[in-house]
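First comes the structure, then the notes that go with it.
2 protein chains.
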Amino acid sequence: MSNETYHHENLKAELIKKGLTLLDEEGYENFSLRKVAKACGVSHTAPYRHFNSKDDLIMAIAIEAHHKFNQCLEEAVNKYPNDNKSQLKEMGYSYVKFFVDNPEYLRLLFLSDFANKIKKMNDETFCSGEQPFNTFYKAIERCQSENQNGEADSDDLNAMALSCWGLVHGMAILIAKKDFSYEGDYLELVRKILWGGTSLNL
Amino acid sequence: MSNETYHHENLKAELIKKGLTLLDEEGYENFSLRKVAKACGVSHTAPYRHFNSKDDLIMAIAIEAHHKFNQCLEEAVNKYPNDNKSQLKEMGYSYVKFFVDNPEYLRLLFLSDFANKIKKMNDETFCSGEQPFNTFYKAIERCQSENQNGEADSDDLNAMALSCWGLVHGMAILIAKKDFSYEGDYLELVRKILWGGTSLNL
DNA sequence: TTATTATGTTGACACTGTAAACATAATAGG
DNA sequence: CCTATTATGTTTACAGTGTCAACATAATAA
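Chains as they are written, first to last, in my numbering: chain A, 1265 to 1466; chain B, 1265 to 1466.
Given below as C-alpha cells:
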C-alpha cells in the first residue's frame, strides 16, 4: 500500500462512486463506461480489471442502491417497534420518499433491464430477507396475524401484499417520474393517503 | 403509385411496425435503428427520410402504443355505461391486463426517458382527454360526485386519483416485470383486489 | 532474487447514431 | 412534352460505444 504512486489505489470503489454520479448527471441512456473511466483518470479499458462488463459495473452500483433502499425500509420499521400497522404505513411513506429523493435509483432497482438480474443475484448471494419485498411482506404478515385475532381483515395475504406493494410502488413511480402533476406537496398527499384513511372505498 | 417498383411504397409505416417487433424481440437496450432498416430491406440511413432521429422513431412507436392503451381504458368505461364505480374497477383491471399482455409497452409509455417527451408532445398535439391519466381522473370525478350525494367519501380528489392510479400502476409494473412472484393467476388476484373489496383497511 | 499475479495501457474490431454528398424516382409548372 | 423541384433512396465518412488481445509494470509470493 504505497501511499500515492500505486496504480490507482482503489479504482473499483471510485468507479462505482463516479459511476453513480454520472448516472445521475447524464441519465441512463447517455451513461458510458468510457466516460466513467475518463472521470477516474484511467484508460478506457481499466474498468475491465474490476468488472467483467458495463452491465457488471451498473450491477455493482445498483447493489449499493439496493442496500440503501432496504436500510431505509428497515429504519421505518424500527421507528414503531410495537405497532405493526404504523410500521407498514411508515414503510410505505419511506418507500415513496426514497424514490422521490433519488429518482435515478428507480431505474436502477426496478425499471431497467438489470432489475431482474439484480433481484436474481441478490436471491443467491444474500439471504432473501435482504429483499425490500420481503421486508414488506413480513410487515404485512404481522398486521395480518394481528387482525386474525380480532375480526378477519383479508383472507388472502397475497392480495394484501400485492395491493400494498403496488400502491406505494405505483405512487413512487408516478411522483418520481412526474407523471402525476399536482400543485401541492406530493409527500404530504402520500402521507394523507397512507395515514389519513383516504381509502378507496369502492 | 406504381405498383411495386416505387422506392419502398410505404416505408414509414413499415419502420414503425418492424420497429415495434424488434423492440419486443430484442428488448429496448439492444434496439437499433440500423437493425430496423435492415429488417425493412433498406440502407441504414433511409429511416432519416422519415424520422429525424432514433428517438423520433421510438416516439412514433410509442404514440401508437399510447393510443392503444387509451382505447383499452375507454373500452372498459363503455362496458358499464351507467355504473361509475364499476367503470373505475374495470378500468383498473384493464390497465393491469394491458401491460401484463404487452410488457414492452410499459417501458415505452412510462419507464423510458421519452416517457415524458411523449406526454408533453401529446399534451400539445391531442386534446388532453387523450391522456390515460385524464381518462382515469374523469372516472374518479364521476365516482366522487356520486358519493357526495350520499355520504362523503373523500374530501380530496387528488388523493383519490393518486391512490387509484398508483395502485393499478404499481400492480401492473410489479406483475409485468415479474417482481411480484405468485404461484397463481395474477390477473385473478388483481380482479379480487379491485372487485372483491380486499381493501387495505389499515 | 525470481516467478507470478494484479492492475494498468495501447491498439484494434464491430457496431452504433448521424451528417454530407450524391442518385434517382415522382410530381409540378411551363 | 419537357424541365425544375421535391421526395426518397444510397454511399461514404466520422465520432462514440463495448469489448477483446497484446503488452507493460507494480505488488506480492516462492
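Glycine is no exception: its CB is placed at the ideal position from the N, C-alpha and C atoms.
From residue i to residue j, what does the alpha carbon distance come to, in whole angstroms?
{"i": "I1382/A", "j": "V1300/A", "result": "21 Å"}
{"i": "F1397/A", "j": "L1431/A", "result": "13 Å"}
{"i": "C1407/B", "j": "M1435/B", "result": "22 Å"}
{"i": "L1370/B", "j": "I1437/B", "result": "8 Å"}
{"i": "S1376/A", "j": "N1348/B", "result": "36 Å"}
{"i": "V1454/B", "j": "M1323/B", "result": "30 Å"}
{"i": "L1287/B", "j": "F1295/B", "result": "6 Å"}
{"i": "G1448/A", "j": "P1345/B", "result": "33 Å"}
{"i": "S1317/B", "j": "L1297/B", "result": "9 Å"}
{"i": "E1405/A", "j": "Y1450/A", "result": "28 Å"}
{"i": "W1429/A", "j": "Y1292/B", "result": "26 Å"}
{"i": "L1337/B", "j": "G1305/B", "result": "36 Å"}
{"i": "F1315/A", "j": "N1366/B", "result": "33 Å"}
{"i": "L1321/A", "j": "G1460/A", "result": "42 Å"}
{"i": "N1342/A", "j": "N1380/A", "result": "28 Å"}
My understanding is that residue i touches residue j, with C-beta atoms under 8 Å, so please give their C-beta distance in whole angstroms.
{"i": "M1355/B", "j": "A1403/B", "result": "6 Å"}
{"i": "V1364/A", "j": "A1440/A", "result": "5 Å"}
{"i": "F1400/B", "j": "L1373/B", "result": "That belief does not hold up - the Cβ atoms of F1400/B and L1373/B are roughly 14 Å apart, past 8 Å."}
{"i": "D1420/A", "j": "K1456/B", "result": "7 Å"}
Quick one, which of the options has its alpha-carbon nearest residue i's?
{"i": "S1307/B", "options": "V1364/B, L1279/B and R1371/B", "result": "L1279/B"}
{"i": "F1378/A", "options": "D1319/A, F1362/A and L1421/A", "result": "D1319/A"}
{"i": "E1339/A", "options": "A1329/A, R1455/A, Y1359/A and I1325/A", "result": "Y1359/A"}
{"i": "N1274/A", "options": "L1287/A, V1364/A, H1433/A and R1313/A", "result": "R1313/A"}
{"i": "K1263/A", "options": "L1451/A, K1343/A, Y1450/A and K1282/A", "result": "Given that chain A is displayed from residue 1265 to residue 1466, the structure contains no residue 1263/A and the question cannot be resolved."}
{"i": "I1458/A", "options": "F1444/A, S1427/A, Y1446/A and I1325/A", "result": "Here residue 1458/A is Leu; the residue named in the question, Ile, does not match the sequence. Nearest C-alpha to L1458/A: S1427/A."}
{"i": "A1551/B", "options": "Q1395/B, K1276/B and K1343/B", "result": "Here chain B comprises residues numbered 1265 to 1466, so residue 1551/B is not present and cannot be evaluated."}
{"i": "E1368/A", "options": "K1456/A, E1290/A, N1411/A and D1449/A", "result": "E1290/A"}
{"i": "A1264/B", "options": "S1445/A, E1410/A, A1425/A and W1429/A", "result": "What the structure shows of chain B is the stretch from 1265 to 1466, and residue 1264/B is not part of that stretch, so it cannot be assessed."}
{"i": "H1433/A", "options": "E1293/A, Y1357/A, S1350/A and V1341/A", "result": "Y1357/A"}
{"i": "E1410/B", "options": "E1293/B, K1343/B and Q1351/B", "result": "Q1351/B"}
With 8 Å as the threshold, decide whether the Cβ of residue i is near any Cβ in chain A.
{"i": "F1397/B", "result": "yes"}
{"i": "A1440/B", "result": "no"}
{"i": "F1374/B", "result": "yes"}
{"i": "D1377/B", "result": "yes"}
{"i": "S1307/B", "result": "no"}
{"i": "D1288/B", "result": "no"}
{"i": "F1444/B", "result": "yes"}
{"i": "I1437/B", "result": "yes"}
{"i": "E1293/B", "result": "yes"}
{"i": "L1453/B", "result": "yes"}
{"i": "L1431/B", "result": "yes"}
Quick one: using the 10 Å Cβ neighbour count with 16 as the cut-off for buried, is residue i buried or exposed?
{"i": "T1285/B", "result": "exposed"}
{"i": "K1442/A", "result": "exposed"}
{"i": "A1326/B", "result": "buried"}
{"i": "Q1335/A", "result": "exposed"}
{"i": "H1331/B", "result": "exposed"}
{"i": "K1353/A", "result": "buried"}
{"i": "K1361/B", "result": "buried"}
{"i": "E1452/B", "result": "exposed"}
Please confirm whether residue i has its beta-carbon closer than 8 Å to some beta-carbon of chain B.
{"i": "I1457/A", "result": "yes"}
{"i": "V1300/A", "result": "no"}
{"i": "D1420/A", "result": "yes"}
{"i": "K1381/A", "result": "no"}
{"i": "S1427/A", "result": "yes"}
{"i": "G1283/A", "result": "no"}
{"i": "A1310/A", "result": "no"}
{"i": "M1323/A", "result": "no"}
{"i": "A1423/A", "result": "yes"}
{"i": "S1266/A", "result": "For S1266/A, the pLDDT reaches just 35, beneath the cut-off of 50, and the residue's location in the model is therefore unreliable, although a value from the coordinates is still provided. So no, S1266/A is outside the interface."}
{"i": "E1273/A", "result": "no"}
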